[in-house]
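*Asks:* Going by my numbering, the sequence shown opens with residue 717, and the numbers climb by one from there.
We put the CB at the ideal spot given by N, CA and C, even for glycine.
Structure provided below as structure tokens; questions to follow.
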Amino acid sequence: MARNTGDRYVCEKCGAVLVYEKPCTCTTTKEHAHSEICCGQQMKAVPHGTAKEEVGAKAHH
717 MARNTGDRYV
727 CEKCGAVLVY
737 EKPCTCTTTK
747 EHAHSEICCG
757 QQMKAVPHGT
767 AKEEVGAKAH
777 H
């Protein structure tokens, strides 16, 4: 699946946030699959419209 500008992912362990500043329009194949990994686990996608302050706070629940 492609990634769009502004797509955000948060690490539920440490609260780090990854934000795509440029779109990635590649199609997912076994050789080119996206994986946003932090602290040894897949980061969680953050819904569009979620405030920056909410992202880190939700990660530490």
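Could you work out which residue in G765, T766, K760 is closest to G731 when comparing CA atoms only?
*Replies:* Stepping through the sequence shown from its first residue, residue 731 is reached at position 15. Considering only alpha carbons, the answer is K760.
*Asks:* Any heavy atom of the ligand SAH inside 7 Å of the beta-carbon of G731?
*Replies:* With respect to small molecules bound, the structure shown includes none, and the ligand SAH cannot be examined in it.
*Asks:* For C742, does the three-state DSSP call read helix, strand or coil?
*Replies:* What you label residue 742 is simply residue 26 of the sequence shown in a count that begins at 1. Looking at C742 - three-state DSSP - the assignment turns out to be coil, as it is neither helix nor strand.
*Asks:* Output the distance between the C-alpha atoms of H764 and D723, rounded to the nearest integer angstrom.
*Replies:* Translated into the one-based positions of the sequence shown, residue 764 becomes position 48. Translated into the one-based positions of the sequence shown, residue 723 becomes position 7. So the alpha carbons of these two residues sit roughly 7 Å apart.
*Asks:* For P739 versus T721, is the C-beta spacing smaller than 8 Å?
*Replies:* Here residue 739 refers to the residue found at position 23 of the sequence shown. Here residue 721 refers to the residue found at position 5 of the sequence shown. Against a cut-off of 8 Å, the Cβ pair of T721 and P739 comes out as a contact.
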